[in-house]
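Novice: Residue numbers (the working numbering): 19 to 116. C-beta: ideal position from N, C-alpha, C; glycine also. Computed from a predicted model, the values in this text were never measured in an experiment. Just dropping this structure here.
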Amino acid sequence: MVIVARGEFDAITSPALREAVHGVLAEAPPVLVMDLTGTVFFSSVAIGVLMDAVLTAGERTCVRVVAARPIRRTLQMLDLDPQFDYFDTTQEALTAPA
Numbered sequence: 019m020v021i022v023a024r025g026e027f028d029a030i031t032s033p034a035l036r037e038a039v040h041g042v043l044a045e046a047p048p049v050l051v052m053d054l055t056g057t058v059f060f061s062s063v064a065i066g067v068l069m070d071a072v073l074t075a076g077e078r079t080c081v082r083v084v085a086a087r088p089i090r091r092t093l094q095m096l097d098l099d100p101q102f103d104y105f106d107t108t109q110e111a112l113t114a115p116a
């Protein structure tokens, strides 16, 4: 499954992203790809959505992130990058072995 997030994600818009993530995870897919390449602003609330996705997914679903360097760098600075598998493209994320 792929969720494509575009635009800005702040305290107002992040709940919609959280709802989409929970909807997908309810189906327990083996892989959830979060494509953030079209995201121009990713607030702390949105980062919380990513962390919640990993916690909710547990062992059932592998959460993979496709993101540009600024978002990756933010997650690295917060020491959250070990929580995610990063890919440069959605296709790579979908075809990588589990």
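Mapping DSSP to helix, strand and coil, what is Met-95?
Specialist: Three-state DSSP puts Met-95 in a helix.
Novice: Going straight from the alpha carbon of Val-83 to that of Leu-54, what length do you get?
Specialist: Val-83 and Leu-54: Cα-Cα distance of roughly 7 Å.
Novice: Run through DSSP, which three-state label would Asp-70 get?
Specialist: Correct three-state label for Asp-70: helix.
Novice: In whole angstroms, give me the CA-to-CA distance for Cys-80 and Thr-57.
Specialist: Looking at the two C-alpha atoms, the distance is approximately 21 Å.
Novice: Starting from Val-22, follow its DSSP beta bridges and name the residues at the other end.
Specialist: BP columns for Val-22 point to Asp-53.
Novice: What's the gap between the Cα of Leu-68 and the Cα of Thr-107?
Specialist: Cα to Cα, Leu-68 sits roughly 18 Å from Thr-107.
Novice: Would the region 40-48 and the region 64-78 be scored as touching if the rule is three or more Cβ pairs under 8 Å?
Specialist: Counting Cβ pairs under 8 Å, three or more are found: they touch.
Novice: When you compare only the Cα positions, how much space is there between Phe-59 and Thr-31?
Specialist: If you take the alpha carbons of Phe-59 and Thr-31, they lie about 11 Å apart.
Novice: So Val-63 and Asp-28 are supposed to be a Cβ contact under 8 Å. How far apart are they, rounded?
Specialist: Yes, Val-63 and Asp-28 are in contact; Cβ-Cβ is about 6 Å, under 8 Å.
Novice: Between Val-22 and Ala-116, which are expected to be in contact by the criterion C-beta below 8 Å, what is the C-beta distance as a whole number of angstroms?
Specialist: Not confirmed; about 21 Å, so no contact.
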